[in-house]
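Have a look at the structure below before the remarks.
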Amino acid sequence: MELSLQHGIRNQKSKIQNRIRKNARSGGLRSMQRCNDMAGENREYVFLECTESGVRHYRTQKRVKGQNIKKLELKKYNAKLKKHTVHKEKKK
Numbered sequence: 033m034e035l036s037l038q039h040g041i042r043n044q045k046s047k048i049q050n051r052i053r054k055n056a057r058s059g060g061l062r063s064m065q066r067c068n069d070m071a072g073e074n075r076e077y078v079f080l081e082c083t084e085s086g087v088r089h090y091r092t093q094k095r096v097k098g099q100n101i102k103k104l105e106l107k108k109y110n111a112k113l114k115k116h117t118v119h120k121e122k123k124k
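For the sequence shown, position 49 matches number 81 in the working numbering, and the numbering has no gaps at all.
Given below as structure tokens:
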């Protein structure tokens, strides 16, 4: 019984390590700056910066092409201030 549990844990660990290696080989954040989703829509990663503290905590995707594309402005939780604050889109 213990032997099969140890094998299962090792197997899970190796799967995680393989995933990490695959992400490292793909180029990391630079390759994620622009991506194409299944529908072929061009999307871009943007960072959300807190308007009160100026810290960037969140990253999200945004459509690049289309009508009425405005800067994102969302209320998100800021752990430093311990409250919800307005976060605006900033490109890195």
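Backbone N, C-alpha and C fix where the C-beta goes; we use that ideal spot for every residue, glycine too.
In whole angstroms, what is the alpha-carbon distance linking residue 81 and residue 116?
-> 13 angstroms
Pick from 49, 90, 75, 96: whose alpha carbon is nearest that of residue 118?
-> 90
Beta-carbon contacts of residue 109 that lie in its chain and below 6 angstroms, excluding the five residues immediately before and after = 116
Taking the DSSP output, what are the residues bridged to residue 87?
-> DSSP, once it has assigned bridges, lists no residue as partnering residue 87.
Beta carbon of residue 120, beta carbon of residue 83: below 8 angstroms?
-> For the 8 angstroms CB-CB criterion, residue 120 and residue 83 form a contact.
Rounded to a whole number of angstroms, what is the C-alpha to C-alpha distance between residue 49 and residue 100?
-> In a straight line, the C-alpha of residue 49 is about 42 angstroms away from that of residue 100.
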